[in-house]
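Numbering (the numbering used here), first residue to last: 1033 to 1480.
Here a beta-carbon is modelled for each residue, glycine too, at the ideal position from N, C-alpha and C.
Below, the structure written as structure tokens:
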């Protein structure tokens, strides 16, 4: 329980409504303002939530990430996502249950198994590109969403092209679209006032999606049908006591993989394309790397394996994740009193590590506002200085999968088409639920 008279770090002395609006509209600018004024740590106040203590320096991040979950509880911090992901998702759990779920989920994302999914990633990208006519102008982010959703439905659920995949895609897109409305992040907006209310529409879409998910799980159990997809592996997974995952656990973990592996990767890809197109000479350098690799292999197009090995492609993906992390922070709830960044904080205090601020420290990244993939070429940065997927025992299970997919999709796009930025307006961050995408969905033009 939080002690009411606890002394928290300084923060902006403005009404919670004002800071909440700033957080919803311009979270990066709010973080920068607070960091410049107060340094680390500072306190952020949001409507409907306890005050959050924000950190970002490597020594503090290391202290938080080094914990095994006994002192810093991530599941409790993530509870606002439980309406979609469920309370049995690995993101919602702490302690022994979190460890159990994590161990069951890790094998499908082992390197060798993951690489089997490369061809599905290429196929989904080619399907999207085939619809881009010369001279057309379109928003790239929705296209990347379609690519990553197709990949997830094929690799996680094992759906082949056809009616089942189309129906699942329809239901999932509706859930994600309704759930992306930023005001639903505010606790008191989550009230079901009927099928026409924002939360009511969202809850009914989730129920419709759950119906299809449970049908798929039940059908697989009944027939014993298995493949190389993640669902097949999870159906056969057993914990240390020999127990399988329940239907409810499978539902929550599959939904988590779908949401986390779809929306976030699509957004990261949009940012990677945005910065590649805006950096002089980078498109030429990238196309040269792709052409050299293809010539060395003697193939008309890149293979998935080769695309994933290209060093410049990898560096572009990582630098985009540094400059524009898809989510701005990762958080924990203190399970016991602890000293954090010079402050004695009571149990129950929310503590967050700002991914955005940590990855823009000039001591680590000279000229931090500049997009420079060379920061990641032949170098390995500390996990307390670069952590777009979180860290410690809570680091994202799908990190390798997401980076693998980003490299393949990005390489294929620049192998096959010539794009340019199409909007004269400045590109800014635009909130889509917990993620931050490029404004206008990143308008691009295909060369005629």
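Inset, instruction - Note the first and the last residue of the continuous alpha helix (DSSP H) segment covering residue 1461. - result: Per DSSP, residue 1461 belongs to no alpha helix (DSSP H); it is in the beta strand (DSSP E), 1461 to 1464.
Legend entry - Cutoff 7 Å; reference residue 1392; Cβ partners in own chain excluding five residues on either side: Counting only Cβ-Cβ distances below 7 Å, and skipping sequence neighbours, we find 1400.
Legend entry - Status (buried if at least 16 other CB within 10 Å, exposed otherwise) for residue 1227: Label assigned to residue 1227: exposed.
Legend entry - Buried or exposed (CB count within 10 angstroms, at least 16 for buried), residue 1449: Counting Cβ neighbours within 10 Å, residue 1449 comes out exposed, since fewer than 16 surround it.
Inset, instruction - Taking only heavy atoms of the ligand GTP into account, decide whether any of them is closer than 8 Å to the Cβ of residue 1064. - result: You won't find the ligand GTP in this model; it holds no ligand whatsoever.
Inset, instruction - Please confirm if the stretch 1079 to 1099 is in contact with the stretch 1371 to 1378, defined as three or more CB-CB distances below 8 Å between the two stretches. - result: The stretch 1079 to 1099, when compared against the stretch 1371 to 1378, does touch it at the 8 Å Cβ threshold.
Inset, instruction - Taking residue 1173 and residue 1473 to be in contact with their CB atoms under 8 Å, please state how far apart those CB atoms are, rounded to whole angstroms. - result: About 4 Å separates the two Cβ atoms, so the contact holds.
Inset, instruction - Just grab the DSSP bridge partners of residue 1470 for me. - result: Within the DSSP bridge table, the entry for residue 1470 names 1461 as partners.
Legend entry - The alpha helix (DSSP H) enclosing residue 1315, as first and last residue numbers: Its alpha helix (DSSP H) spans residues 1314 to 1329.
Inset, instruction - Report the rounded CA-to-CA distance for residue 1276 versus residue 1288, giving the unit in angstroms. - result: Taking the straight line joining both Cα atoms gives about 18 Å.
Inset, instruction - Could you tell me how far apart the beta carbons of residue 1383 and residue 1366 are, in whole angstroms, since I believe they sit closer than 8 Å? - result: The C-beta separation of residue 1383 from residue 1366 comes to about 6 Å, placing the pair in contact by the 8 Å criterion.
Inset, instruction - Could you please give the first and the last residue of the uninterrupted beta strand (DSSP E) stretch that includes residue 1297? - result: Unbroken run through residue 1297 is the alpha helix (DSSP H), 1279 to 1310; no beta strand (DSSP E).
Legend entry - residue 1349, enclosing alpha helix (DSSP H) - first and last residue: Counting along the chain, residue 1349 sits inside the alpha helix (DSSP H) bounded by residues 1343 to 1355.
Legend entry - Short Cβ contact (9 Å threshold) for residue 1353 with residue 1420: Cβ distance < 9 Å, so residue 1353 and residue 1420 count as in contact.
Legend entry - Close beta carbons around residue 1455, own chain, < 8 Å, minus the five adjacent residues each side: Cβ within range, chain order: 1472 and 1475.
Inset, instruction - Check whether the stretch 1121 to 1141 touches the stretch 1153 to 1164, counting contact only when three or more Cβ pairs, one atom from each stretch, lie closer than 8 Å. - result: They do not touch, by the three-pair rule.
Legend entry - Pairwise C-alpha distance: residue 1395 and residue 1186: If you take the alpha carbons of residue 1186 and residue 1395, they lie about 42 Å apart.
Inset, instruction - Give me the Cα-Cα distance between residue 1439 and residue 1171, rounded to the nearest whole angstrom. - result: Between residue 1439 and residue 1171, the C-alpha separation is close to 20 Å.
Legend entry - Residue nearest to residue 1424 in terms of C-alpha spacing, selected from 1350, 1177, 1281 and 1093: Residue 1424 has its Cα closest to that of 1093, out of 1350, 1177, 1281 and 1093.
Legend entry - Beta-carbon proximity of residue 1294 to residue 1204, cut-off 9 Å: Contact: yes.
Inset, instruction - Using three-state DSSP, classify residue 1145 as helix, strand or coil. - result: In the structure shown, residue 1145 sits in a helix (DSSP, three-state: H, G or I).
Inset, instruction - Check whether the stretch 1306 to 1326 touches the stretch 1227 to 1242, counting contact only when three or more Cβ pairs, one atom from each stretch, lie closer than 8 Å. - result: The count of Cβ pairs closer than 8 Å, one atom from the stretch 1306 to 1326 and one from the stretch 1227 to 1242, stays below three, leaving the stretches out of contact.
Inset, instruction - From the DSSP output, in three-state form, read off residue 1068 for me. - result: Helix, per DSSP.
Legend entry - At least three beta-carbon pairs within less than 8 Å, the stretch 1240 to 1253 to the stretch 1270 to 1286: Yes, the stretch 1240 to 1253 is in contact with the stretch 1270 to 1286.
Legend entry - residue 1132 - containing alpha helix (DSSP H), residue span: Counting along the chain, the alpha helix (DSSP H) containing residue 1132 begins and ends at 1127 to 1137.
Inset, instruction - Pull up the distance between the alpha-carbon of residue 1457 and that of residue 1470, whole angstroms please. - result: In this structure, the straight-line span from the alpha carbon of residue 1457 to that of residue 1470 is close to 12 Å.
Inset, instruction - Apply the 10 Å Cβ neighbour rule to residue 1036 and answer buried if 16 or more other Cβ atoms are within range, or exposed otherwise. - result: In this predicted model, residue 1036 has a pLDDT of only 46, less than 50, meaning its place in the structure is not dependable enough to derive any value.
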